[in-house]
Amino acid sequence: MALGVANVWVLVQDTDRAVNFYENTLGLSVVKRDGPWAEVEAGGLCIGLNGAASPAERGPKAAPL
């Protein structure tokens with residue numbers, strides 16, 4: 015039985031744009047940034063923003079951000 019969620023990964027097309035949204039629109043703190051990867055903190059939930067995957071690697075269900 016799952017007791018909660020600690021980490022979520024989101025595939026993004028533009029890491030800079032995604033970081034700007036999560037930080038400036040949602041008010042979340044960026045805790046790590048390394049090239050096309052960033053992590054933001056959301057009240058104990060770590061959201062990983064992964065911009066490294068190519069469109070082919072993201073698959074047909076990926077939504078752009």
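First residue of the sequence shown: 15, per my numbering; consecutive thereafter. Backbone N, C-alpha and C define an ideal beta-carbon position, used for all residues, glycine too. Source: prediction; values computed, not measured.
In its own chain, which residues sit with a C-beta less than 8 Å from the C-beta of Leu17, not counting the 5 before and 5 after it? none
Please report the distance separating the alpha-carbon of Gly49 from that of Met15. 35 Å
Simplified DSSP assignment, three categories, for Ala16: coil
DSSP-derived helix/strand/coil call for Asp48: strand
Can you tell me whether DSSP reads Val33 as helix, strand or coil? helix
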